[in-house]
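Report on the following structure.
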Amino acid sequence: ARILALLTAINGALSAMLGGPVVGMLAEYMGYQVPSQGLKVVDMLPEERERNLHALTWALICATIPPWLLCLATFSGLHWTYQRDVHASMARAVRGEEG
């Protein structure tokens, strides 16, 4: 339970600190243009709005899909190791060993 709590805390902290800035930098790299001071999105040209939409879309895709794939690959390893780890842990408990 402690490991899961630690993992969740680290994940939440990193997401909060890095999520917005990373998506913002990726969006600007992909062509997002900040509207002029005082200009409302409604008043932007349709081409500008479309460009910003695509930049934000791809920034979000690039900021979410690769981490999800990394998690999938990492946690998929549990499929092959979990049962063996449980058996080893039970054997240690029967022998009275710690760890």
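Heads up: take any position in the sequence shown, counting from 1, add 28, and you land on the working numbering.
From the three backbone atoms N, C-alpha and C, an ideal C-beta is built for every residue, glycine too.
Asked	Found
For G105, the first and last residue of its enclosing alpha helix (DSSP H)	P74 to R123
8 Å Cβ cutoff met for L67 and C90	no
Buried or exposed by the 16-neighbour rule on C-beta atoms within 10 Å, applied to N80	buried
S43 - containing alpha helix (DSSP H), residue span	R30 to Y57
V69 - DSSP class collapsed to helix/strand/coil	helix
Exposure of Y110, with buried meaning 16 or more beta-carbon neighbours within 10 Å	exposed
Among Y57, L32, A29 and R112, the one whose alpha carbon lies nearest that of H82	Y57
E76 to V51 span [Cα, whole Å]	18 Å
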